[in-house]
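These notes concern the structure reproduced below.
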Amino acid sequence: MSRRTAREWIMKYMYQMDMSNDYQVYDYSALYGWEEIEEEEDRAFIRESLTSMLEHLSETDEIIEQFLQSWTLNRMPKVDLAILRLAINEINHMEDIPAGVTINEAVDIAKLYSTEDSYRFINGVLGSYYKSREE
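Here the sequence shown is numbered in our numbering, starting from -12 and rising by one per residue.
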């Protein structure tokens, strides 16, 4: 499995959590599709990412809200929110992954799973956030 595919699974799990309003993972093996993820390395990456995302969820949401223009978290499509959470968490807490890679992956995932214009929106939010970190 590629990192892209692993990120897609992470986005889907975060989307599931948003839809159920339950931000805890009691048992990873109970997550939908977990049995399809064959490699332990991929499972470890997904567990590490989700654990980090959940641990920093409030902080991440505050960051996202700072860079939304005329939007709120409640009004955003849940897929876009899940993608932004994934990317912001990677940028902030997974230093071994270059921010440019994270942003490109988020944009590509948005092209696959979200609306026609979502990838531009996600690229704008993430680009603005990354530039603000450099200042």
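Each residue gets a CB set at the ideal place from its N, CA and C atoms; glycine is no exception.
The Cβ-Cβ distance between residue 50 and residue 116 falls below 8 Å. With fewer than 16 other Cβ atoms from the protein chains shown falling within 10 Å of its own Cβ, residue 107 counts as exposed. In the DSSP assignment, residue 102 falls outside any alpha helix (DSSP H) and carries neither an H nor an E. CA-CA distance, residue 42 to residue 23, rounds to 25 Å.
Across the set 64, 54, 88 and 12, the C-alpha of 64 shows the shortest separation from the C-alpha of residue 102.
Fully enclosed alpha helix (DSSP H) runs of no fewer than 4 residues occupy 44 to 54, 65 to 80 and 86 to 100 of the segment 35 to 103, in order along the chain. The alpha-carbon separation between residue 47 and residue 53 amounts to approximately 10 Å.
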